[in-house]
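Here is the structure we will look at.
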Amino acid sequence: MGNQVEKLTHLTYDEVPTSDPNGLDPAGGDEVGPRIGVSYIFSADDDDHEDPLDVPNTSRPPSQEDPPFNPHNELACSVHYRDECVYQRNTAETNNATTHSPESLLNKCRPGDLLEFVSAGQYPHWAVYVGDFRVVHLHRAEVKDSFLTDASQGRPGRIVNDLYRYRALPLEVVLRNARDHVGSRDRELCWRNAECFAAWCRYGKREFKMGGEIRIGKQPYRLTLMFSPKDRHVLEFQSLEDVIMEKRRNDQIGKEAVVQELAGHLNATNEIKDDRFD
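Under full-length UniProt numbering, think of the first position of the sequence shown as 1, with each following residue one higher.
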């Protein structure tokens with residue numbers, strides 16, 4: 001399977017059953033390079049519109065429970081805007097992958113910290129710690145002020161201040177950004193998911209907001225999926241919002257499922273090519 005993943009990095013546009021997310025035909029169909037992030041990859045995001053603990057996982061039999069979160073099934077990845085790395089998540093052996101119980105996490109948090117709660121088969125949930133055991137987070141289409149233990153819903157969590165490479169705003173601005181939006185909901189919201197909201201509170205960049213970047217046909221963002229030191233796959237996107245949606249979807253389904261999915265696309269592409277020459 002490792003060889004199949006490695007081959008994916010050398011596909012041309014003609015070899016991939018893909019289209020531009022805006023419905024435009026990709027230019028340079030015979031050019032070798034990173035693949036454009038495509039519509040069949042995206043799925044509706046996420047636990048901020050529906051409580052993941054209330055939604056059945058239709059991918060498994062009803063009698064089978066989701067396995068516990070396994071950091072080794074988490075896909076290392078990086079995000080570049082042109083030549084600048086703006087996000088980096090490494091392997092399970094690194095500090096930014098270490099998780100703690102909600103109670104243990106409380107002893108490690110400081111106001112302004114970004115928190116990520118994780119669980120197998122669910123989208124990760126992000127929040128801003130504001131002190132006094134509380135976090136502000138976007139959940140089910142509303143910005144809420146909750147106890148950390150409630151917001152976690154029992155999931156392990158970690159401090160993720162170092163994932164994004166942007167410079168953090170002053171602490172008082174981070175806390176004001178979070179608290180000023182408590183109670184905002186539905187059409188008042190400018191963020192598609194909990195990660196975008198929490199990251200915006202800390203960094204204040206419009207790229208985290210819905211429609212925060214003009215889509216002009218170019219693909220300035222590159223999401224690199226790192227399956228091993230030698231096997232990696234690159235996707236290109238028009239906006240950071242699109243990158244985050246795809247990255248979160250990969251977190252939901254896990255590394256093994258992403259590998260199988262990409263290998264399946266490769267096999268389907270080879271079958272299409274074979275049919276052309278039969």
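Beta carbons are placed, not taken as given, at the ideal position from N, Cα and C, and that holds for glycine.
Asked, Found
"8 Å Cβ cutoff, Ser184 in contact with chain D", "Protein chain content of the structure displayed is limited to a single chain, and chain D is not contained in it."
"DSSP-derived helix/strand/coil call for Gly264", "helix"
"Selection from Ser146, Glu195, Leu169 and Lys209 that minimises the alpha carbon distance to Arg187", "Lys209"
"Assigned secondary structure, Phe237 (DSSP; H/G/I helix, E/B strand, else coil)", "strand"
"Reduced DSSP secondary structure (H/G/I, E/B, other) of Arg202", "helix"
"Exposure of Asn161, with buried meaning 16 or more beta-carbon neighbours within 10 Å", "exposed"
"Alpha-carbon to alpha-carbon, Asp231 and Ala198", "31 Å"
"Cα-Cα separation, Val258 to Glu116", "21 Å"
"Runs of beta strand (DSSP E) lying entirely within the stretch 96–171, each at least 3 residues, in chain order", "114–117, 125–131, 134–138, 143–147 and 157–159"
"Arg140, buried or exposed, once every other Cβ within 10 Å from all chains shown has been counted against 16", "exposed"
"Neighbour-count burial assignment, Ser119, 16 or more Cβ in a 10 Å radius", "buried"
"CA-to-CA distance, Trp200 to His181, given in whole angstroms", "12 Å"
"Meets three-Cβ-pair contact criterion under 8 Å: the stretch 237–245 and the stretch 204–222", "yes"
"Selection from Tyr164, Tyr203, Gly154 and Tyr166 that minimises the alpha carbon distance to Asn177", "Tyr203"
"Cβ neighbours of Arg185 in the same chain (closer than 8 Å, five flanking residues each side left out)", "Ala141, Glu142 and Val143"
"Straight-line Cα distance separating Arg222 from Val234", "6 Å"
"Simplified DSSP state of Arg185, which is helix, strand or coil", "strand"
"Rounded distance between the beta-carbons of Leu163 and Tyr87, thought under 8 Å", "6 Å"
"Ile214 classed as buried or exposed, judged by whether at least 16 other C-beta atoms fall within 10 angstroms", "exposed"
"Gly112 versus Val173 - alpha carbon distance", "9 Å"
"Leu106 vs Phe133 beta-carbon contact at 8 Å", "yes"
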